[in-house]
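Each remark here refers to the structure printed beneath this line.
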Amino acid sequence: MLREFAMSKGQFTSATIEAKIFELLAARRPGATICPSEVARALEAEAWRPLMPQIRQVAQSLADANRIVVTRSGAPVDATQPGGPIRLRSVSNNG
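Going by my numbering, the residue at position 16 of the sequence shown is -4; the numbering climbs one at a time, nothing skipped.
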């Protein structure tokens, strides 16, 4: 319970989230995408939902640095803006 509370406070660093994003992308075929919730679940299986805003912020920072592409329905979008599900894709694996 204490761990769940700590994780809901966003205790993962941006570097940890970045590393998990790139780890999951590397495990996919070239051009494949991942869902931000996969990153959250890989970091915190039980209390993953509170991590989603932080993961979206980190994803957008990576997109701003041209390290990944954030898409919705295949088109690039801002990960921090509402509007539905997004996907993350490696820039080097555009397929």
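Here a beta-carbon is modelled for each residue, glycine too, at the ideal position from N, C-alpha and C.
Would DSSP call Arg67 helix, strand or coil?
Of the three classes helix, strand and coil, the one that applies to Arg67 here is strand, per DSSP.
Who are Lys38's beta bridge partners in DSSP?
The sequence given here has Val at residue 38, not Lys. According to DSSP, residue pairing for Val38 in a beta bridge does not occur.
What's the C-alpha gap between Thr13 and Ile1?
One C-alpha to the other measures close to 10 Å.
Do you know whose CA, among Val19, Ala27, Pro10, Ala6, lies nearest Ser(-6)'s CA?
The residue from Val19, Ala27, Pro10, Ala6 with its alpha-carbon nearest to that of Ser(-6) is Val19.
Quick one, are the C-beta atoms of Arg52 and Pro65 less than 8 Å apart?
Using a Cβ distance threshold of 8 Å, Arg52 and Pro65 count as a contacting pair.
Going by DSSP, name the residue or residues bridged to Ala55.
BP columns for Ala55 point to Arg52.
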